[in-house]
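Visitor: Position one of the sequence shown corresponds to residue 28 (my numbering), numbered consecutively onward. Glycine is no exception: its CB is placed at the ideal position from the N, C-alpha and C atoms.
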Amino acid sequence: MLSPDVTRRFAAALLCLLLGACGFQPLHGRSAGGVTDADLDTVQLPYLADREGQLLRNFLMQRFNPDGRRTQTLYALNINLTKSSQNLGVRKDGTATRVNLTFSAELSLRQVQGGKEVFKARSVSNISYNVLEARFATVAAEQDAIRRATEALAQNISTRVAIYLRNRKDAG
């Protein structure tokens, strides 16, 4: 009978072989079809109004150009960010106990030369927070929810743009 350690190693090796055989490729990396940081560097990020837009832009900058290198800009990303809130839990006196925040981003990727729109998508992030008796705690919970929502939105946007760039690279 094989020891559990040998069985685990065999299973891990078999899993690696199966993933390689199915054509799985990581989205980011130095593989033949992967999107590198240099590819994402070619996208110019927009300036967005309000604090939420600032947070979103900062999170996008961390994903698209973490080193802050100057590269040739091939694409311009346009984002229309909207925010809405909805009271979920309502007490008898009409005050909310929970709020749901929804951030929606309409994005459009255009080529810098010619201005042709090459990619368009919509990304949504929902997050909620508790409304507490202490005003400071509620404000802190709201700010944390906004930070988490914009970070999730930035992750989704960067993944979608990276997939577009990889597919474009694969197409030639």
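1. Return the residue from the list 174, 96, 76 that minimises the CA-CA distance to residue 129.
2. Give the straight-line distance between the Cα atoms of residue 192 and residue 107, rounded to the nearest whole angstrom.
3. Alpha carbon to alpha carbon, what distance is there between residue 30 and residue 152?
4. Does DSSP classify residue 140 as helix, strand or coil?
5. Examine the ligand SAH and report whether any of its heavy atoms sits within less than 6 Å of the Cβ of residue 104.
6. Applying the criterion that 16 or more other CB atoms from any shown protein chain within 10 Å of the CB defines a buried residue, is residue 66 buried or exposed?
7. To the nearest angstrom, report how far apart residue 155 and residue 79 are at their CA atoms.
8. Under the assumption that residue 82 contacts residue 185 (Cβ atoms under 8 Å), give the Cβ distance between them as a whole number of angstroms.
9. On the three-state DSSP scale, how would you describe residue 158?
10. Looking only at DSSP bridge pairs, what is residue 132 linked to?
11. Please list the terminal residues of the continuous alpha helix (DSSP H) segment that includes residue 97.
12. Looking at residue 101: is its Cβ nearer than 7 Å to the Cβ of residue 69?
13. Using only alpha-carbon positions, find the residue among 172, 90, 77 that is nearest to residue 183.
14. On a CA-only basis, which of 112, 71, 77, 119 is nearest residue 99? Give me that one, please.
15. Just to confirm the assignment, what range does the alpha helix (DSSP H) spanning residue 85 have?
Guide: Working from what's here:
1. To locate residue 129, count along the sequence shown from 1; it is residue 102. Looking at the Cα atoms, 174 is the closest of the given residues.
2. The residue given as residue 192 occupies position 165 in the sequence shown. The residue given as residue 107 occupies position 80 in the sequence shown. Each residue's Cα considered, the two are about 21 Å apart.
3. Counting from one through the sequence shown, the residue named residue 152 turns up at place 125. Counting from one through the sequence shown, the residue named residue 30 turns up at place 3. So the alpha carbons of these two residues sit roughly 46 Å apart.
4. Stepping through the sequence shown from its first residue, residue 140 is reached at position 113. Three-state result, residue 140: coil.
5. With respect to the ligand SAH, the structure offers nothing, as it holds no ligand at all.
6. Taking the first residue of the sequence shown as position 1, residue 66 is located at position 39. When all chains shown are included, residue 66 counts as buried.
7. Within the sequence shown, numbered from 1, the residue matching residue 155 stands at position 128. Within the sequence shown, numbered from 1, the residue matching residue 79 stands at position 52. Approximately 15 Å between the Cα atoms of the pair.
8. Residue 82 sits at position 55 when you count from the first residue of the sequence shown. Residue 185 sits at position 158 when you count from the first residue of the sequence shown. Incorrect: roughly 14 Å between the Cβ atoms, too far for contact.
9. In the sequence shown, the residue the question calls residue 158 occupies position 131. Residue state, collapsed to three classes: coil.
10. The residue given as residue 132 occupies position 105 in the sequence shown. Beta-bridge pairing links residue 132 to 108, 150.
11. Working through the sequence shown from its first residue, we reach residue 97 at position 70. Here residue 97 belongs to no alpha helix (DSSP H), and DSSP marks it neither H nor E.
12. By one-based count along the sequence shown, residue 101 stands at place 74. By one-based count along the sequence shown, residue 69 stands at place 42. Yes, the pair counts as a contact, with Cβ atoms nearer than the cut-off.
13. Taking the sequence shown and counting its residues from 1, one reaches residue 183 at position 156. Selected option, being the one with the closest Cα: 90.
14. Start at 1 with the first residue of the sequence shown, and residue 99 comes out as number 72. Ranking 112, 71, 77, 119 by Cα distance to residue 99 puts 71 first.
15. Taking the first residue of the sequence shown as 1, we reach residue 85 at position 58. 77-91 is the span of the alpha helix (DSSP H), which, as asked, contains residue 85.
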